[in-house]
Amino acid sequence: MGQTVLFITSNGAGLGHLTRAMAVARRLPEGIKPIVFTLSQGAPIVREQGFFVEYLPSADYLEGGQAARWATRVRWNTLFRERLLQILDLYEPAVVVFDGTYPYNGLIEVIEASPKVHWIWCRRAMWRPGLGKNSLVRTEKFDLVVEPGEFAAEADAGLTAERRHEARQVAPICYLDRDELLPREAAEAELGLEPGRLHVFMQLGAGNINDISSAVGMCVRRFQADPRVQLVFAESSIAGRAVNLPAGVVKVRGYPLARFFNAFDVAVSAAGYNTFHELIGYGVPSLFIPNADTALDDQVARARYAEARGVGVCWEEGGAGDLSVQIGRLVDDEERTQMRARLADAVFENGALALATYVAHLAGAKKGQVAARPRASSLFRGRAPVASTSRDG
Amino acid sequence: MSRGPSKGAEAAPARDPDGSTGQDLEVQIQDLEHRLDHEIRRRQTVESSTAYHLGTRLLQVAEWPTWGVGAAGRLGRAALSGGVALLPERASVAAKVYLGKLVDRDAEAWVLVPPLISARRRVAARFPTVLFVALGLEDDDLERLVGRLVRMRQEGRGIRPLIVTNSVRFDLMRRYGLTFEYLPSADEYVRHHPERAYEGYLQRRMEQLMRAYRPDRVISVASEVITAGWMGAVVDFSER
Numbered sequence: 001m002g003q004t005v006l007f008i009t010s011n012g013a014g015l016g017h018l019t020r021a022m023a024v025a026r027r028l029p030e031g032i033k034p035i036v037f038t039l040s041q042g043a044p045i046v047r048e049q050g051f052f053v054e055y056l057p058s059a060d061y062l063e064g065g066q067a068a069r070w071a072t073r074v075r076w077n078t079l080f081r082e083r084l085l086q087i088l089d090l091y092e093p094a095v096v097v098f099d100g101t102y103p104y105n106g107l108i109e110v111i112e113a114s115p116k117v118h119w120i121w122c123r124r125a126m127w128r129p130g131l132g133k134n135s136l137v138r139t140e141k142f143d144l145v146v147e148p149g150e151f152a153a154e155a156d157a158g159l160t161a162e163r164r165h166e167a168r169q170v171a172p173i174c175y176l177d178r179d180e181l182l183p184r185e186a187a188e189a190e191l192g193l194e195p196g197r198l199h200v201f202m203q204l205g206a207g208n209i210n211d212i213s214s215a216v217g218m219c220v221r222r223f224q225a226d227p228r229v230q231l232v233f234a235e236s237s238i239a240g241r242a243v244n245l246p247a248g249v250v251k252v253r254g255y256p257l258a259r260f261f262n263a264f265d266v267a268v269s270a271a272g273y274n275t276f277h278e279l280i281g282y283g284v285p286s287l288f289i290p291n292a293d294t295a296l297d298d299q300v301a302r303a304r305y306a307e308a309r310g311v312g313v314c315w316e317e318g319g320a321g322d323l324s325v326q327i328g329r330l331v332d333d334e335e336r337t338q339m340r341a342r343l344a345d346a347v348f349e350n351g352a353l354a355l356a357t358y359v360a361h362l363a364g365a366k367k368g369q370v371a372a373r374p375r376a377s378s379l380f381r382g383r384a385p386v387a388s389t390s391r392d393g
Numbered sequence: 394m395s396r397g398p399s400k401g402a403e404a405a406p407a408r409d410p411d412g413s414t415g416q417d418l419e420v421q422i423q424d425l426e427h428r429l430d431h432e433i434r435r436r437q438t439v440e441s442s443t444a445y446h447l448g449t450r451l452l453q454v455a456e457w458p459t460w461g462v463g464a465a466g467r468l469g470r471a472a473l474s475g476g477v478a479l480l481p482e483r484a485s486v487a488a489k490v491y492l493g494k495l496v497d498r499d500a501e502a503w504v505l506v507p508p509l510i511s512a513r514r515r516v517a518a519r520f521p522t523v524l525f526v527a528l529g530l531e532d533d534d535l536e537r538l539v540g541r542l543v544r545m546r547q548e549g550r551g552i553r554p555l556i557v558t559n560s561v562r563f564d565l566m567r568r569y570g571l572t573f574e575y576l577p578s579a580d581e582y583v584r585h586h587p588e589r590a591y592e593g594y595l596q597r598r599m600e601q602l603m604r605a606y607r608p609d610r611v612i613s614v615a616s617e618v619i620t621a622g623w624m625g626a627v628v629d630f631s632e633r
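For the record, the sequence lines run as chains U and V.
Residue numbers for the first sequence follow my numbering, so the first one is 1 and each next one is one higher.
Residue numbers for the second sequence follow my numbering, so the first one is 394 and each next one is one higher.
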């Protein structure tokens with residue numbers, strides 16, 4: 001029987017944790033079985049993508065609503081611990097990869113109780129400055145910390161930036177490789193878009209599209225004033241209710257939407273890790289409207305960096321900038337062409353294969369043994385990935 | 394080398410031979426509502442007694458013998474999270490307020506020993522937990538179940554439902570704030586783990602669910618044909 005690798009993901013604002021986990025899982029060699037244990041409402045997507053998924057409601061949803069309090073969290077950690085112990089007992093994974101920003105008490109207890117398993121923390125960087133100390137003190141519980149690459153790393157002012165040395169660096173992790181995207185014509189045909197028009201992809205979680213005072217409503221109004229534009233609105237894959245769209249707006253829903261990115265000339269998106277790196281990596285000039293209300297993810301810094309590098313534009317809700325002006329820059333042919341050229345220079349490898357190769361390597365090595373370097377070591381930036389069992393940090 | 398994206402289609406769940414899942418569901422929920430009304434009346438009678446309150450406090454102290462240690466911090470955290478209403482004598486020591494509560498049932502401060510929860514949540518905590526085994530329900534039936542549970546909540550028939558489902562309609566339960574647990578279907582499980590028996594998996598999961606949530610009642614509204622695996626877990630639990 002082959003080895004099993006367990007991926008544990010938090011319940012984030014979007015699908016970032018799950019997407020990174022699946023990106024690595026789908027690149028594991030044949031013979032290594034991935035299992036995803038998630039707290040995310042996106043668990044059905046994992047199943048659709050062909051993985052086996054185990055789900056546990058996060059503490060916020062345990063009692064209904066967002067009212068999870070101290071006593072509930074204590075109880076939830078017990079639930080989590082027992083469930084994880086059961087999963088370890090059932091599937092006997094050789095490696096566990098945790099993708100989340102806070103290693104829960106229940107997780108730490110299980111790590112301490114399971115010394116034979118390789119424990120990896122896939123720790124996305126770019127934390128909001130000063131936040132996350134409680135998470136970082138748990139670093140030493142893991143055998144290895146891996147930091148998925150960050151295009152905006154130079155602008156990273158979070159606590160992990162000071163501790164980058166303790167983490168293995170891989171290139172940014174994306175679900176799809178560039179050659180997996182549909183060609184423009186095929187993507188246009190599948191989405192029902194008119195060839196020759198300026199196709200704009202919009203993916204903004206917050207806001208009511210029919211409220212013209214919301215960012216998403218303002219964007220729609222501004223784009224619809226341009227007769228060249230054909231607007232496509234991406235509905236969240238984990239949203240419960242369908243959104244009523246204004247006339248002429250095409251709706252798209254599904255996963256992974258990046259398959260269609262070659263069809264788009266322009267995108268409007270929040271600046272979460274996943275979509276941000278897909279848009280940059282696949283060369284789509286974008287307007288980033290960062291979500292400033294995330295727990296830890298510094299979307300504002302990421303979006304500003306994209307603008308500073310000239311690969312996108314940034315507009316912050318409540319900020320001084322003019323949204324209409326920023327959109328005007330994107331629909332301007334000359335400026336967009338320049339942006340595309342800079343995006344072509346900014347291309348990066350997909351770090352998912354490197355991490356998958358390393359995870360597979362660990363799965364085949366007994367903990368405590370020093371093993372040879374994995375073949376894909378050249379894909380790692382920074383320190384080479386040796387099979388170390390020393391605890392980083 | 395790479396897996397997915399794939400479009401794995403789930404086989405339609407088996408239904409009871411007479412296809413009367415909906416009717417069974419209706420009957421079971423009506424029965425539950427009837428029992429709940431009775432249970433709520435019984436609990437109201439018991440909980441209005443002074444002996445019950447005193448006994449509850451003593452049990453809490455016994456369960457949390459170190460309640461006095463760090464009580465101020467816990468109080469602060471709870472107040473910040475809205476867990477405790479404003480205290481009538483905020484400056485008084487925790488013990489004084491706690492003891493005061495023993496003799497004054499109407500004081501604002503309810504409990505200063507962990508778990509620090511407000512009076513509102515204490516009432517909610519007394520609602521019985523009912524575990525609905527809803528494996529194999531089709532979307533329509535699941536929607537009906539969710540609708541009934543929401544209506545019961547609106548009518549004040551308090552239960553804490555936990556839905557155990559293999560449906561991927563997470564959005565449906567999440568929209569109404571219902572707690573649910575997902576169990577993969579037999580087809581799904583066997584596809585990924587052909588070397589393992591689904592029955593054993595189901596039994597272990599149900600045992601864990603029973604331990605974790607300690608339901609007061611288990612109701613099966615499953616349309617999937619399920620052998621004694623999970624039921625065995627329920628019986629084992631109830632006999633402990």
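Idealized CB from N, CA, C, for every residue including glycine.
Go through its chain and collect everything with a Cβ distance to residue i's Cβ below 7 angstroms, but skip five positions before and after it.
i        : result
Glu536/V : Leu565
Arg81/U  : Gly106, Glu109, Val110
Pro577/V : Asn559
Arg329/U : Val313, Glu335
Spatial neighbours of residue i within its chain, please: C-beta separation below 8 angstroms, excluding the five flanking residues on both sides.
i        : result
Leu204/U : Ala215, Val216, Cys219, Val268, Ser269, Ala270, Ile289
Ile35/U  : Thr4, Val5, Leu6, Phe7, Phe51, Phe52, Val53, Glu54, Ile87, Tyr91, Pro93
Tyr582/V : Arg589, Tyr591, Tyr594
Gln49/U  : Met22, Arg26, Tyr255
Counting only C-beta atoms, is residue i closer than 8 angstroms to chain V at any point?
i        : result
Ala206/U : Note that Ala206/U has pLDDT 49, beneath the 50 cutoff, so the model's placement of it is unreliable and the number below is only indicative. Answer no: the Cβ-Cβ gap between Ala206/U and chain V never drops below 8 angstroms.
Tyr61/U  : yes
Ala43/U  : yes
Tyr358/U : no
Tyr55/U  : yes
Gln86/U  : yes
Arg340/U : no
Gly65/U  : Confidence at Gly65/U is low in this model, with a pLDDT of 43, below 50, so its placement is unreliable and the value that follows should be read with caution. Taking Cβ atoms only, chain V reaches closer than 8 angstroms to Gly65/U, which makes this a yes.
Phe142/U : no
Leu79/U  : yes
Phe52/U  : yes
Arg329/U : no
Please name the residue in the options whose C-alpha comes closest to that of residue i.
i        : options                                : result
Gln601/V : Glu574/V, Arg541/V, His431/V           : Glu574/V
His361/U : Gly328/U, Thr275/U, Val95/U            : Val95/U
Asp179/U : Phe261/U, Ser10/U, Glu82/U, Gly16/U    : Phe261/U
Arg228/U : Glu194/U, Tyr104/U, Gln338/U, Thr337/U : Glu194/U
Leu538/V : Phe520/V, Tyr569/V, Asp609/V, Pro521/V : Tyr569/V
Val250/U : Leu191/U, Asp60/U, Leu28/U, Leu181/U   : Leu191/U
Glu588/V : Lys33/U, Thr9/U, Arg20/U, Arg83/U      : Lys33/U
Thr275/U : Trp121/U, Thr19/U, Arg184/U, Asp333/U  : Thr19/U
Ser58/U  : Thr9/U, Asp89/U, Gln49/U               : Thr9/U
Gly248/U : Ser236/U, Val232/U, Ser237/U           : Val232/U
Does any residue of chain U have a CB that is nearer than 8 angstroms to the CB of residue i?
i        : result
Met605/V : It should be pointed out that residue 605/V corresponds to Ala in this sequence rather than to Met. Yes - at least one Cβ of chain U is within 8 angstroms of the one on Ala605/V.
Phe525/V : no
Gln601/V : yes
Phe520/V : no
Thr558/V : no
Tyr693/V : Examination of residue 693/V is not possible in this model, given that chain V is present from 394 through 633 alone.
Arg597/V : yes
Val539/V : no
Arg567/V : yes
Gly415/V : The predicted model places Gly415/V with a pLDDT of 47, which falls under 50 and marks its position as unreliable, so this point remains unresolved.
Val561/V : yes
Report all residues from its chain with a CB closer than 6 angstroms to the CB of residue i; omit the five preceding and five following residues, and keep chain order.
i        : result
Leu131/U : Leu296
Gly14/U  : Gly272
Ala157/U : Pro129
Tyr102/U : Ser135
Cys314/U : Phe288, Ala303, Arg304, Glu307
- Message: Could you tell me which whole alpha helix (DSSP H) segments of length 4 or greater appear in the region 154-222 of chain U?
- Response: 184-191
- Residues of the region 81-107 of chain U whose Cβ lies closer than 9 angstroms to any Cβ of chain V, in chain order: Glu82, Arg83, Gln86, Asp89, Leu90, Tyr91
- Can you check the region 304-340 of chain U for any beta strand (DSSP E) of at least 3 residues that lies completely inside it and give the ranges in chain order? 312-314
- Query: the region 127-138 of chain U: which residues have C-beta closer than 7 angstroms to a C-beta of chain V, in chain order?
  - Reply: none
- Fully enclosed by the region 539-624 of chain V, which beta strand (DSSP E) runs are 3 residues long or longer? 553-558, 572-575, 610-613
- Item | Within 7 angstroms of chain U by C-beta, residues of the region 542-555 of chain V in sequence order | none
- Note down, one range per segment and in chain order, each beta strand (DSSP E) of at least 3 residues found wholly within the region 51-132 of chain U. 52-55, 95-99, 118-122
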